[in-house]
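Working notes, beginning with the structure itself.
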Amino acid sequence: FGILSKSIIYQVADALNFLHTREPHPIAHRDIEPSNILLTSSGCVKLIDFGIAYSDEFCGSPGNVWPEPPDEMYCDVATG
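Those letters in the sequence shown? Residues 1 to 80, per UniProt numbering, in order.
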């Protein structure tokens with residue numbers, strides 16, 4: 001990866017960490033994809049489209065949601 005790519009990755013991770021550790025109500029974006037990550041002319045990352053973001057209420061179809069209970073806001077990063 002180039003320097004800009006690494007910077008984008010770190011900025012997105014930092015933004016998600018901020019959202020996930022927000023008190024008293026953590027937020028899960030739930031739609032991180034390239035089209036929801038904007039880059040300013042100065043190289044700053046902006047996350048957009050919080051339309052399906054999760055705060056502290058359950059939403060979604062039971063057969064199509066993540067396996068963790070909705071009140072768990074644990075993020076585990078794995079590589080392999």
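Quick reminder that beta carbons are idealized off the backbone N, C-alpha and C, glycines included.
Note that the structure is a prediction, hence the values are computed from the model and not measured.
Please check the pair residue i and residue j, which I expect to be a contact at CB under 8 Å, by giving their CB distance rounded to whole angstroms.
i, j, result
"residue 47", "residue 15", "5 Å"
"residue 30", "residue 9", "That pair is no contact at about 19 Å."
"residue 32", "residue 45", "With 8 Å as the limit, residue 32 and residue 45 do not qualify as a contact, their Cβ atoms being about 11 Å apart."
With distances taken Cα to Cα, identify the nearest neighbour of residue i among the options.
i, options, result
"residue 5", "50, 43 and 49", "43"
"residue 26", "3, 38, 7 and 17", "17"
For residue i and residue j, what's the separation of their Cα atoms in angstroms?
i, j, result
"residue 79", "residue 41", "Annotation note: pLDDT 45 at residue 79 (below 50); position unreliable, coordinate value reported separately. Distance between the alpha carbons of residue 79 and residue 41: 31 Å."
"residue 19", "residue 28", "7 Å"
"residue 3", "residue 50", "27 Å"
"residue 77", "residue 11", "A caution first: residue 77 carries a pLDDT of 49, below 50, which makes its placement in the model too unreliable to give a value."
"residue 22", "residue 7", "22 Å"
By DSSP's criteria, residue i is part of a beta bridge. Which residues make up the other side?
i, result
"residue 45", "39"
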